[in-house]
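K.L.:
Residue numbers for the sequence shown follow full-length UniProt numbering, so the first one is 1 and each next one is one higher.
Below is the structure I would like to discuss, written out as C-alpha cells.
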Amino acid sequence: MASVDRHQRFCTEDFKVAKRGKNLLTPVQIQHWIRARQPIARTDGDGLTFTLSAAGTATWVLRYQFGGRARELTLGNYPDISLPTARQLAREKRVEIDKGGDPAITKKQEKVRVRATWSVRELAVDYREKIVAALAESTQEARNADLDQVIIPKLGAMLVTSVTSADIVGLIADSGRTWTMCKRLRSTCNRLFAHALGKRLIHINPTVGIDLVSVIGQRPPVRRRLMLSETELRTLLPDIKSIGAENALAFRILLATCVRTIELVKAQWVNVDLEKGIWIVTEDTVKTRRGYVVPLCPTVVSWFRELKTCAGDSRWVLPARRGHRRARLGGDTHVGNSTLWAALTRRFERGGLDIRRFTPHDTRSTAKSHMKAMGVSNEVSERALNHVLKGMEEIYDQYDYLPERQAALELWAAFLVACEQGLPWTVVPLRRVA
1 MASVDRHQRF CTEDFKVAKR GKNLLTPVQI QHWIRARQPI ARTDGDGLTF TLSAAGTATW
61 VLRYQFGGRA RELTLGNYPD ISLPTARQLA REKRVEIDKG GDPAITKKQE KVRVRATWSV
121 RELAVDYREK IVAALAESTQ EARNADLDQV IIPKLGAMLV TSVTSADIVG LIADSGRTWT
181 MCKRLRSTCN RLFAHALGKR LIHINPTVGI DLVSVIGQRP PVRRRLMLSE TELRTLLPDI
241 KSIGAENALA FRILLATCVR TIELVKAQWV NVDLEKGIWI VTEDTVKTRR GYVVPLCPTV
301 VSWFRELKTC AGDSRWVLPA RRGHRRARLG GDTHVGNSTL WAALTRRFER GGLDIRRFTP
361 HDTRSTAKSH MKAMGVSNEV SERALNHVLK GMEEIYDQYD YLPERQAALE LWAAFLVACE
421 QGLPWTVVPL RRVA
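Okay, here's the thing in C-alpha cells:
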C-alpha cells in the first residue's frame, strides 16, 4: 500500500512540475548519483523518473495515470538512453496516453508478438538449454539425435506458430524410421512443442492427438527375447576373439555381469574397484535412473584388468579407438554405443558362425534364463539385471541381495568359462553351493 501511495505522490509531483513546464534533472546530477551508488528515484517532471538500484543499474521510468490507476513503463537504461532522449520518449508516450492508449500494455503485446516470431530452430536451442540438458545422458542423446537428424532439417526454418499437425504427420511419415524410432520421434516433437506451449508461444501443441498407427500402420510384432543355448555359447565363445581383443573382453563382461550395453560403454575406471571386486554403475548411465552395484567375481576382475592395460591412461573402461571420434568429441571419450554390436554383425556376415543372430538385449535374457536353470531365484536374477520390481514388492523389498548376486554371478561366469574352454559342465543348483 505504501508503494502505491509513493507512486501516486510521484505522479502528483510530476503533474505539478509539468504545469510549471520545468525539467528538474541535469547530466551532472545524474553522474553524481551514479558515482555515489546510492539507490534513488528522482523525477524530471512530466512523469519521467530516473532510478538507480543498489546494484548500480540506472533506469528511466515513465509514471502516469491510466483509467484512474497508477502505471509504470520502463523506457530503458542510462547511459544507453541519454537524458534528452528519455525526455523525448516520455513526450511520445504521453501523446499515446492522451489518445487513450496504455503504453505499458502496448509493450507487453509487442513482447508477445516478438516471441511469436520464434523459428523452430530457435525453439530447439532454448529447449536443449532448459530441458534436455537436465535429462539422463542416454535421453539427451536420443532427443538431440531426433532434433539434429529430422526435426530441424524438416521444420527448422518454420515459425513455431505456423507448425500444424499435418507438418508433424509428414515429418514422421517421411522419416523412413522403424515403428519404434517413429514413436520416439513423435515423443520428441511432443516435448519440443510442449516447451513452446509452456513459453506461451503457441496455444495448442500440434503433436497432440497424432495416432502413430494411422500414420505408419500397426506396430510390427514385438520380437521375443532370445536365449542363446549352451550349444550356441560353446560355438560363439571359443571364437569370440575374432571380433577383436577389446571387443571380446567387453562382450564377456557384458554377458557375465548382465549389465546393459550403454552401462558398460560409459563405465569409468573411477567407479571400478578391482581390489574389492565392485563396479558402481552410476545413475546417469542407467535406463531406470537408479544406480546400483555390480559384484565382480575373480574371473570378471581378470577381464577388467586386461581392459585396463588396453585403456592406458584413459578414464574410460572402453576408450574410443578412432582419432576422428576423439577429435569430434573433444579428446578422451568412450567408444560408440554400437561399436561392439557392429563388430559382432561383421562376424556374422563373414559366415561360419552357426548360431542364431542375437541383439544386445539378448545377452541379458540369456543370462537370466541360464541362471534360472541353475537354481537362481527370480528375486536375485531380477536384482542382477537391475530391473525395477513391480507393485508392493518395489516399495517394501529394499534389500539389495548383494551376497546372493555375488554367488549367482560367480556361478554364471564359471559356466561361461567352461563353454569358452570346451570344459564339461554339470548344473549345480545355487542353493547347494551358497
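The beta carbon of each residue, even a glycine, is placed where N, CA and C say it ideally should be.
Are at least three pairs of beta-carbons, each pair with one atom in the stretch 244-264 and one in the stretch 276-286, less than 8 Å apart?
P.N.:
Yes: the two stretches touch, three or more of their Cβ pairs being nearer than 8 Å.
K.L.:
Would you be able to state if there are at least three C-beta pairs under 8 Å between the stretch 201-209 and the stretch 157-175?
P.N.:
Touching, yes.
K.L.:
Please report the Cβ distance between L409 and L255, rounded to the nearest whole angstrom; I am assuming they are in contact, meaning their Cβ atoms lie under 8 Å.
P.N.:
About 11 Å separates the two Cβ atoms, so there is no contact after all.
K.L.:
In angstroms, rounded to a whole number, what distance separates the CA positions of V120 and I172?
P.N.:
Each residue's Cα considered, the two are about 16 Å apart.
K.L.:
Under DSSP, the alpha helix (DSSP H) around G170 begins and ends at which residues?
P.N.:
165-173 is the extent of the alpha helix (DSSP H) around G170.
K.L.:
Could you have a look at P424 and say whether DSSP puts it in helix, strand or coil?
P.N.:
Note: P424 maps to coil in three-state DSSP.
K.L.:
Look at the alpha carbon of T43 and the alpha carbon of R37, and state the distance between them as a whole number of angstroms.
P.N.:
Cα-Cα distance, rounded: 17 Å.
K.L.:
Just confirm the distance between the C-beta atoms of L353 and L264, as a whole number of angstroms; I'd bet it's less than 8 Å.
P.N.:
Contact doesn't hold; Cβ gap of about 22 Å is too wide.
K.L.:
How should A248 be labelled, buried or exposed, when 16 other C-beta atoms within 10 angstroms of its C-beta is the threshold for buried?
P.N.:
Flag for A248 reads buried.
K.L.:
Which two residues bound the contiguous beta strand (DSSP E) that contains Q65?
P.N.:
Segment 58-66, the beta strand (DSSP E) holding Q65.
K.L.:
Classify P103: buried if its beta carbon has 16 or more other beta carbons within 10 angstroms, exposed otherwise.
P.N.:
Counting Cβ neighbours within 10 Å, P103 comes out buried, since at least 16 surround it.
K.L.:
Ignoring anything shorter than 3 residues, give me the beta strand (DSSP E) runs that lie fully in the stretch 216-293, in order along the chain.
P.N.:
Runs of the beta strand (DSSP E) inside the stretch 216-293: 278-281.
K.L.:
Out of G45, R177, W118, state which residue places its alpha-carbon closest to the alpha-carbon of K199.
P.N.:
Minimum Cα distance to K199 is reached at W118.
K.L.:
Do you know whose CA, among G291, V294, D98, V300, lies nearest I253's CA?
P.N.:
Comparing Cα-Cα distances from I253 to each of G291, V294, D98, V300, the minimum goes to V300.
K.L.:
By Cβ distance below 7 Å, which residues in the same chain neighbour A86 in space, the five residues on each side in sequence not counted?
P.N.:
Here the set comprises L48, W60, L75.
K.L.:
What does DSSP give as the partner residue(s) for L73 in the beta ladder?
P.N.:
Answer is L62, bridged to L73.
K.L.:
Report all residues from its chain with a CB closer than 7 Å to the CB of M371; omit the five preceding and five following residues, and keep chain order.
P.N.:
The residues are S381, A408, W412.
K.L.:
Under DSSP, the beta strand (DSSP E) around A41 begins and ends at which residues?
P.N.:
Looking at the DSSP string, the run of the beta strand (DSSP E) that includes A41 is 40-45.
K.L.:
Using the DSSP secondary-structure output, state which residues sit across from S119 in a beta bridge.
P.N.:
Answer is L159.
K.L.:
If you compare alpha carbons, which of I40, N190, A142 is closest to L212?
P.N.:
For L212, the nearest C-alpha among the options comes from N190.
K.L.:
Following the continuous alpha helix (DSSP H) through T188, name the residue where it begins and the one where it ends.
P.N.:
Looking at the DSSP string, the run of the alpha helix (DSSP H) that includes T188 is 179-198.
K.L.:
For T51, which beta-bridge partners are listed by DSSP?
P.N.:
For T51, which the question treats as bridged, DSSP gives the partners A41, T59.
K.L.:
Relative to the C-alpha of T285, which candidate in W341, R225, Q268, E379 has its C-alpha closest?
P.N.:
Here the closest residue by C-alpha is Q268.
K.L.:
Can you give me the C-alpha to C-alpha distance between T161 and K108, rounded to a whole angstrom?
P.N.:
T161 and K108: Cα-Cα distance of roughly 18 Å.
K.L.:
Confirm, please, whether the CB-CB distance from I81 to L52 is below 8 Å.
P.N.:
No; because the gap between Cβ atoms is not below 8 Å, this pair is not in contact.
K.L.:
Express the C-alpha separation of G336 and S369 in angstroms, rounding to a whole number.
P.N.:
Going from the Cα of S369 to the Cα of G336 covers about 28 Å.
K.L.:
Smallest Cα separation from F251: which of P360, E129, A124?
P.N.:
Residue P360 is the option with its Cα nearest to F251.
K.L.:
The alpha helix (DSSP H) that contains V28, what's its start and end?
P.N.:
Looking at the DSSP string, the run of the alpha helix (DSSP H) that includes V28 is 27-36.
K.L.:
Give me the Cβ distance between L226 and F348, rounded to the nearest whole Å; I'm assuming they're in contact under 8 Å.
P.N.:
The Cβ separation is near 14 Å, so there is no contact.
K.L.:
Can you tell me where the alpha helix (DSSP H) with P206 in it begins and where it stops?
P.N.:
Neither: P206 is in no alpha helix (DSSP H) and is coded neither H nor E.
K.L.:
Which ranges would you report for the beta strand (DSSP E) in the stretch 319-384 if only whole runs of at least 3 residues count?
P.N.:
If we require 3 residues or more, the stretch 319-384 turns out to have no beta strand (DSSP E) run fully inside it.
K.L.:
Measure how close the beta-carbons of D146 and T188 come, nearest whole angstrom, since I'm counting them as under 8 Å.
P.N.:
Yes, they are in contact, since the Cβ atoms of D146 and T188 sit about 4 Å apart, within 8 Å.
K.L.:
Let me make sure I understand the geometry here. Which of T426, A418, T26 has the alpha-carbon closest to that of P238?
P.N.:
Out of T426, A418, T26, A418 has the C-alpha closest to the C-alpha of P238.
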